[in-house]
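Going by this note's numbering, the sequence shown opens with residue 1, and the numbers climb by one from there.
Where a beta carbon is used, it is the ideal one built from N, C-alpha and C, also for glycine.
Note that this is a predicted model, so its numbers are computed, not measured.
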Amino acid sequence: MESISRRSARSSARPDFRGARRGTPVKVILRNPRREVAVTGNRRVKDILRELEILPETVLVICGDDLITADHVVRDDATIELRPVMSGGSREDPL
Numbered sequence: 001m002e003s004i005s006r007r008s009a010r011s012s013a014r015p016d017f018r019g020a021r022r023g024t025p026v027k028v029i030l031r032n033p034r035r036e037v038a039v040t041g042n043r044r045v046k047d048i049l050r051e052l053e054i055l056p057e058t059v060l061v062i063c064g065d066d067l068i069t070a071d072h073v074v075r076d077d078a079t080i081e082l083r084p085v086m087s088g089g090s091r092e093d094p095l
């Protein structure tokens, strides 16, 4: 019976969130102005946003047809789109 240390068993079960330098980079499509950048993948959305110096509260992050959260892990070779959050309301006309 083979013995595996707890540390190696844990490390093989957990994804590496430190941004491995292997694989195809994640393509990030930014709006206003429209541009594309490449970043390392296999990281959480919030880490990618931090690298791009974008506040998470200011954008919607879309991967394919899905809106994803800041804790979502974006794998290598993915494409995500960052759309600015727009808010507004109606102005009531005074009577």
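Task: For D77, the nearest candidate out of A70, G64, L30, P84 (CA to CA) - done: G64
*Can you check whether the CB of T79 is closer than 7 Å to the CB of K46?*
no
TODO: Could you spell out the range, first to last residue, of the alpha helix (DSSP H) harbouring R35?
DONE: First-last for R35: 35-39, but that is the beta strand (DSSP E), not the alpha helix (DSSP H).
*Do I68 and V61 have their C-beta atoms closer together than 7 Å?*
yes
Next item on the list: Please list, in chain order, all residues of the same chain as A70 whose beta carbon is under 8 Å from its beta carbon, the five residues on each side excluded.
Entry: R44, V45, K46, L49, P56, V61
Q: Have a look at S87 and R31 and give me their C-alpha separation to the nearest angstrom.
A: 16 Å
Worksheet item: alpha helix (DSSP H) containing D76: first to last residue?
Response: Careful: D76 lies outside any alpha helix (DSSP H) and carries neither H nor E.
Quick check: the Cα distance between D66 and E81, rounded to an integer number of angstroms?
10 Å
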